[in-house]
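Scroll down for the structure; my scribbles are underneath it.
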Amino acid sequence: MSINQELWTALVVCFSAVFTQNILLTTFLGMCPFTSVSREVKTAIGLGAAVVFVMTCTTILNWMAYHWILAPLGLEFYRFILFIIIIAAFVQFVEMVIDRYSPKLYQNLGIFLPLITVNCAILGASLFMVIRDYTLIVTVGWGFGAGLGWLLAILAMAGIRQKLNPARIPAGLQGPGITLIIAGLMALAFIGFTGVLG
Amino acid sequence: MGLVAISVLIVSLLAAGLALLLVVAERFIANYGSCEIEINKDKKFTVEGGQPLLSMLVNEKIFIPSACGGRGTCGYCKVKVTEGGGLILPTETPFLTKQEQEEGIRLSCQIKIRNNLKIEIPQELLRVKEYQCICTRIEDLTYDMKRFRFELKNPPQIEYIPGQYMQLLCPPYKGSPEEVYRAYSIASDPAQKHIVDLIIRRVSNGICTTWCFEYLKEGDSVRMNGPYGDFRLSDSDAPMVFVAGGSGMAPFVSILHHMEHTGNSRKVKYFYGGNQVRDLCLDEEMKRFEKALAGFEYIPVVVEPAQGESWEGQRGLVTEAVQRAYSDLSGHEGYLCGSPGMIDAATKVLTAMGMNKERVYYDKFA
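Sequence lines, in order, name chains A and B.
Counting in this note's numbering, the first sequence runs from 228 upward without gaps.
Counting in this note's numbering, the second sequence runs from -18 upward without gaps.
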């Protein structure tokens, strides 16, 4: 594949990761923060932005670790452990750096970083990248797109939930109940994008 | 076999490498150097940065009240930061009113020292000291309350205002791995400066009360710091209503001793409530105060005596006893100590009977 072709593929993968293959709405990964931190648009953006950043960086790091260390040694089956360690270490590191050099950014983003370490969408993105055999450049597009898709989904959810505030929801459905139903409807709506790249 | 060994080795190496990276990063990136903390524009000291302000202050023997041990859940460790505190964190906002946020009040356990700080602490808190003491007597007051007597060793004496409380250090013990501080009102005679009595009621699964009831023995050495709190008698000579339940008795013992020494003859009715007769304590001491203090009347109240308990005193809730005893409480002062539920109910009753809300003083068990 020429570099131009690869860039084009990366762009398509990125676009599809946001809309047609949205990691949250098609595979339902990262549901825990999605349901618990989607009460306000402001915090949703903070968490979403942190996910975009971490997902892009960790998929790249994990691609390198997988293709340059694990694959040559024939240790592909260790990817689960290694990916998790890399994600955790990276998040720790970034948190330290932000805390030191940008208190403002730390205030908006930093408190969400530890939450993300255990976000399964992050690990999921790295595992999909292996399964689908992406090249490094495509991986960049994939990681960024998957993160952006997650951000879009949580942002939409937070917006809907804010609008829903005055609504009288039956007691049994309040909180996570109604959130999961909305998530299901949103997933259905996103299926509408499927044909776009057809 | 070889594959297992090699793969374990490789993964361990990778993990170790990442751990090393973090350690190095911690050493260089999270190294804030030494920072200077200035307190009340006068006292200064230098500390290693990167630590929470609260623990640095404790290291410097400045004790800010804190019940949760710096986890940001109790909201007691407020200090005023005039310079260098950075932005208010989301973990602090639930505990700070809008006005406090504007004044620069912060939770000292949440502030990480990154640069030079200027803070203001009330003079009163600077008087707080840590005391090394010996538990010299443990006495059963009721089936679930004990009075612990502590003799101060270092420093050997304490000055406090009757009604204030101490924070007792509960050391780690089986089932509780961390040191915790818990607040208890002083229940001793303020004239006996070398003694602090605490009245403690057993709370099921309570960390500190379990330790006090099961592990603490006479002759043991303990640490506490204080005194804290602004629960105290006012300077006026208005008639007073005391209301307490359970170990809420404690501050009033100290206050009554003080009134006896100062020949205070303010009119006081003290309503002390329990569910059953067995919940009440210190009956004889209260009777003695009734004789010693001209204006003092002690009214124990029992909700419902258990079968077989003989009870000739008042029945019902303490608040009902207050309603029976007075028709109008305007011009009176209220002093309440007990559970939040009791205090809220009593405040409602007292204000409904004409007491000025500003004149209701209380010490709520958190």
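Glycine included, C-beta positions come from ideal geometry on N, C-alpha and C.
Values in this document were obtained by computation on a predicted structure and should not be read as measured data.
Buried versus exposed call for residue i [16 or more other C-beta atoms within 10 Å across all chains shown]
| i | result |
| --- | --- |
| L68/B | exposed |
| F346/B | buried |
| R52/B | exposed |
| G319/B | buried |
| K155/B | exposed |
| Q145/B | buried |
| F9/B | exposed |
| F417/A | buried |
| G192/A | Residue 192/A cannot be examined here, being either before or after the span of chain A that is shown, 228 to 425. |
| K250/B | buried |
| I250/A | buried |
| W369/A | buried |
| F304/A | exposed |
Check whether residue i and residue j have beta carbons under 7 Å apart
| i | j | result |
| --- | --- | --- |
| A168/B | I180/B | yes |
| R163/B | L149/B | yes |
| V161/B | I100/B | no |
| G419/A | C241/A | no |
| G312/B | V341/B | no |
| F252/B | V299/B | yes |
| K93/B | C114/B | no |
| M230/B | M147/B | no |
| G289/B | D309/B | no |
| L309/A | M413/A | no |
| V203/B | C116/B | yes |
| P281/B | G297/B | no |
| G66/B | R87/B | yes |
| R259/B | M221/B | no |
| G376/A | V245/A | yes |
C-alpha gap between residue i and residue j, whole angstroms
| i | j | result |
| --- | --- | --- |
| A348/A | L340/A | 14 Å |
| T406/A | D218/B | 59 Å |
| L196/A | G(-2)/B | There is no way to answer for residue 196/A, as the model of chain A reaches only from 228 to 425. |
| G257/A | C189/B | 39 Å |
| L34/B | N21/B | 15 Å |
| E278/B | P46/B | 34 Å |
| Q91/B | P330/A | 14 Å |
| V279/A | M323/A | 18 Å |
| Y343/B | V234/B | 15 Å |
| E105/B | S166/B | 17 Å |
| K110/B | L(-6)/B | 49 Å |
| V365/A | V423/A | 20 Å |
| G351/A | R183/B | 49 Å |
| L1/B | Q389/A | 44 Å |
| L354/A | F307/A | 8 Å |
| V357/A | A(-14)/B | 25 Å |
| C262/B | T123/B | 6 Å |
| E339/B | I325/A | 47 Å |
| I313/A | F320/A | 10 Å |
| S89/B | G244/B | 41 Å |
| K329/B | I387/A | 41 Å |
| M(-18)/B | A276/A | 45 Å |
| H239/B | K79/B | 38 Å |
| K268/B | V264/A | 58 Å |
| P260/A | E64/B | 35 Å |
| N256/B | A287/B | 9 Å |
| R130/B | Y307/B | 36 Å |
Cβ of residue i within 7 Å of any chain A Cβ
| i | result |
| --- | --- |
| C(-17)/B | Looking at the sequence shown, residue -17/B is not Cys but Gly. Taking Cβ atoms only, chain A never reaches closer than 7 Å to G(-17)/B, which makes this a no. |
| G67/B | yes |
| L(-1)/B | yes |
| S169/B | no |
| L35/B | no |
| V184/B | no |
| I10/B | yes |
| S15/B | no |
Nearest candidate by alpha-carbon position, reference residue i, set the options
| i | options | result |
| --- | --- | --- |
| L475/A | L363/A, L412/A, I408/A and G411/A | Residue 475/A lies beyond the range of chain A shown here (228 to 425); nothing can be said about it. |
| E83/B | T117/B, K93/B, V62/B and M(-18)/B | V62/B |
| C58/B | G14/B, P103/B, K79/B and T27/B | P103/B |
| N186/B | Q138/B, D260/B, L263/B and S157/B | S157/B |
| F270/B | G297/B, A287/B, K25/B and I236/B | I236/B |
| A11/B | G30/B, D170/B, F26/B and K24/B | G30/B |
| M126/B | E195/B, S291/B and G85/B | E195/B |
| G200/B | I139/B, P153/B, E132/B and E265/B | E132/B |
| G85/B | L70/B, P321/B and Q138/B | L70/B |
Minimum Cβ-Cβ distance from residue i to chain B less than 7 Å
| i | result |
| --- | --- |
| P260/A | no |
| F320/A | yes |
| Y305/A | yes |
| V324/A | yes |
| W302/A | Going by the sequence as given, residue 302/A is Leu instead of Trp. Judged by the 7 Å Cβ criterion, L302/A is in contact with chain B. |
| A237/A | no |
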